[in-house]
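A.B. asks: Just passing along the structure, written as structure tokens.
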Amino acid sequence: MIYLIITVALIKIVDLCYIFQVKEYRFDRFRSTLIEDGFLPSLYLRFPRFPAKSFRNFLIVCTSIALLILGLTTYLQFWASLWITAVILVLSPVASLFFVSVAVLLTRPLAYAMRNRMIKKAKLLIKQRPDIVSVGISGSYGKTSTKEFLFQLLSTKYKVAKTDANKNTDVGVAQSILRNIKPDTKYFIAEVGAYRQGEVAKATKVFMPQNAIITAFGNQHFDLYGSRENLIKAEGEILEYLPSSGTAYINGGILSFAHTAKRTKARVVSFSTTSSQADICATDIRLNPQQKLIAQITYTAPDGRRDKHSFEIITDLIGAHNIANILPCIAFCMDQGMKESEIISGVRQLSQIANKLSVHKGIKGSKILNDSGNSSVDGFIAAINTVVDQNFRKNIIISKGIIELGKEKDSSYKKILSTIANRPIQLYTTDILFKKYDITNQVQYLPTEKVILDLIVKNIDASTLLLVEGKFTPSVMKELILL
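With numbering that gives the first Met the number 0, letter number 202 in the sequence shown gets 201, and the count goes up by one each step, no holes.
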């Protein structure tokens, strides 16, 4: 039975290390996950996943195993009995949680030392390159899309570096600076994220941008922030570090626009897809007969730096919400001297971003919208509206729910369901809360990903559009997506 205890504990240690890694070794995010998924299901019902190969993960696993062996050795030497051994077997996942938590704490000083060293090197590199124009992108959602679109537009004319995927913390920004900035780099674009106040500021201080883009404020990670006020304050911290010679491109549709704009001494440019009063706005957003997204762009620089510009853009990107992500990119590029013709051509060439409503061929001739990189309520709603615009006979959405919404989870789910209501859409989900508020009988609650996959395989055909909303395991995605 001791060997069985060791086997169960080892599997759980590896899986818990994976969860801590995904949650950036943060106990606040780990705790939120346990609350969202349930303490017992997280420890006893999860399919185990392997963490990435890294020095810290190696130390965590080895330290946890050492603690496990020490505990078992002590037990066998002093208290060994059959019934206690049986209890230990049952509680081995709980013990594994304790061992891994201790290991995470023990490796923290070394991790901090390595992080600080990397951050110092990145700051030094930035200081040595005053010729680089930096742009920081903050907000609750839309950051990655905006970063990638700006990168693609600028790259048509300049040498550009950006933060790598999922590298939006202070150390992530530092890693990207050291890895991606080259001698001929002209622009550096950094996505900065946070879960608590002060974290956007820490990431911003690594590269001290001259310019910033505020995409939008939602309720992503609301559970960690504690309040909407804290969230808005944290996501807007980047504005306080801009020089007076810089520019802040702020979404004019956010409720706190006036207050947010006052937080910076830099020039402010507002952007909007709903108000023609914004400095740069998009109107007449529509799909042409070839299902290409079109919008009329009007840019009037707030300080009279240039004449009013008005022109039409067309893009292969799907989802009208992407126009809002493109707007600040257009404004920035024009402020940097790019011509209308260059921007129109650049927007026309914009390519889809993986896992951000990317289009794929699915099983049985179906079409799949892969939005597995999204984890926000507003992104979910935008994806639903995009599904409707595609005009398929059968529409299915699969989702495991949205994490870290805190006390706003119920109202957020109701908002999502109201968007689905009375539209030709079925939602398959492992989150029973969706079913609780399903008043139009459009939600099917299914206990596991495997059951969802089996039902999809049974019901999907060439007339089906499948939206994958939020993360699913690689094995499920491999079964669904052909190309």
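Heads up, the beta-carbon is just placed ideally off N, CA and C, and yes, glycines get one too. Keep in mind that this is a model prediction, so the values were computed, not measured.
#1: Counting Cβ pairs closer than 8 Å, one from the segment 396-414 and one from the segment 455-473, do we hit at least three?
#2: From L9 to I459, what does the alpha carbon distance come to, in whole angstroms?
#3: Starting from Y17, trace the alpha helix (DSSP H) in both directions and tell me its first and last residue.
#4: Do you know whose CA, among G70, A121 and E236, lies nearest S139's CA?
#5: Mind checking whether V191 and I253 have CB atoms under 8 Å apart?
#6: Of all the options I480, T439, T429 and I438, which has the alpha carbon lying nearest to the alpha carbon of D36?
#7: According to DSSP, simplified to helix, strand and coil, what is L286?
#8: Can we say the segment 444-452 touches the segment 415-431, given the rule of at least three CB pairs closer than 8 Å?
#9: Mind reading off the beta-carbon distance from S269 to I249? Whole number of angstroms is fine, and I expect it under 8 Å.
#10: Would you call F206 buried or exposed, if buried means 16 or more other Cβ atoms sit within 10 Å of its Cβ?
#11: By DSSP's criteria, D370 is part of a beta bridge. Which residues make up the other side?
#12: Would you mind reading off the limits of the beta strand (DSSP E) that contains F187?
#13: Once the 5 residues before and after T155 are set aside, which same chain residues still bring their CB inside 8 Å of it?
#14: Would you mind reading off the limits of the beta strand (DSSP E) that contains N394?
#15: I need the straight-line Cα distance from S371 to F187, nearest angstrom please.
#16: Got a sec? Which residues, its chain only, sit under 6 Å from S255 by beta carbon, not counting five neighbours each side?
#17: According to DSSP, what are the bridge partners of Y444?
#18: What residues in its chain sit with their C-beta under 7 Å from that of F97, if we drop five residues either side in the sequence?
#19: I'd like to check one pair, N369 with S357: are the Cβ atoms closer than 8 Å?
#20: Compute the Euclidean distance between the alpha carbons of G378 and A461, then round it to the nearest angstrom.
#21: Look up A294 in the DSSP assignment and give the residues it is bridged to.
#22: Beta carbon of V172, beta carbon of K181: below 8 Å?
#23: Does the Cβ-Cβ distance between P47 and V13 come in under 8 Å?
#24: Tell me, which residues are paired with G378 by DSSP?
#25: Excluding the 5 residues preceding and the 5 following K158 in the sequence, name in chain order all residues of the same chain whose CB lies nearer than 6 Å to its CB.
#26: Given I1, which residues of its chain have a CB within under 8 Å of its CB, disregarding the five upstream and five downstream residues?
#27: DSSP on R116, reduced to helix/strand/coil?
#28: Quick check on the burial criterion: 16 or more other C-beta atoms within 10 angstroms. Buried or exposed for R178?
C.D. replies: Judging by the given coordinates:
#1: yes
#2: 39 Å
#3: I1 to V21
#4: E236
#5: no
#6: T429
#7: strand
#8: yes
#9: 6 Å
#10: buried
#11: E468
#12: Y186 to E190
#13: E341, S344, G345 and Q348
#14: K393 to S398
#15: 26 Å
#16: I231
#17: T428
#18: none
#19: yes
#20: 26 Å
#21: I312
#22: no
#23: yes
#24: None, per the DSSP bridge assignment.
#25: D183, T184 and K185
#26: L71, L75 and T84
#27: helix
#28: exposed
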